[in-house]
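Mind the numbering: the sequence shown is residues 267 to 356 in this note's numbering, read in order. Following: one structure in structure tokens, then a few remarks.
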Amino acid sequence: MTILTDGLLRLETTQDGVFEDRASTFAINRDFPTPKFDVTKKDNGAMEIVTDRLFITWTGEAFGPTSIMVTLRRKGESSARVKEYQDSLG
């Protein structure tokens with residue numbers, strides 16, 4: 267997982283678990299300034315990442331329908347769940 271901006275993530279998984287850092291169609295020029303974000307690692311391997319616009323929870327397991335959730339953070343409003351990753355491979 268790469269935090270490209272406070273509202274743009276790059277999620278990638280491979281069968282062998284090796285990260286491949288090639289350019290994507292949407293982000294060929296990836297020379298973005300590093301956004302502000304906080305990471306909280308849990309004892310069980312889970313992780314929470316917070317940017318100004320997103321709240322990401324990840325179980326630490328392979329990406330799948332129940333391992334990662336991204337919640338949109340809105341100024342002045344409580345967070346609302348907007349997208350849960352759906353495994354398109356299976």
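We put the CB at the ideal spot given by N, CA and C, even for glycine.
Minimum C-alpha distance to residue i - residue among the options
{"i": "Thr306", "options": "Thr268, Thr323, Ala328", "result": "Thr323"}
{"i": "Val284", "options": "Met267, Leu274, Thr300", "result": "Met267"}
Those residues which DSSP pairs with residue i across a bridge
{"i": "Lys307", "result": "Met313"}
{"i": "Phe321", "result": "Val316, Thr337"}
{"i": "Thr271", "result": "Leu274"}
CB of residue i within 8 angstroms of CB of residue j, strictly
{"i": "Ile315", "j": "Phe298", "result": "no"}
{"i": "Gly326", "j": "Met335", "result": "no"}
Contact belief for residue i with residue j at Cβ below 8 angstroms, rounded distance in angstroms
{"i": "Arg319", "j": "Asp272", "result": "5 angstroms"}
Alpha-carbon spacing of residue i relative to residue j, whole angstroms
{"i": "Phe329", "j": "Ile269", "result": "16 angstroms"}
{"i": "Asn310", "j": "Leu338", "result": "24 angstroms"}
{"i": "Pro301", "j": "Gln281", "result": "29 angstroms"}
{"i": "Leu277", "j": "Lys308", "result": "20 angstroms"}
{"i": "Ser354", "j": "Phe321", "result": "Low confidence applies here, because Ser354 scores a pLDDT of 41, under 50, leaving its location unreliable and the question unanswered by this model."}
{"i": "Ser344", "j": "Ser333", "result": "Note that Ser344 has pLDDT 47, beneath the 50 cutoff, so the model's placement of it is unreliable and no number is given."}
{"i": "Leu275", "j": "Pro331", "result": "17 angstroms"}
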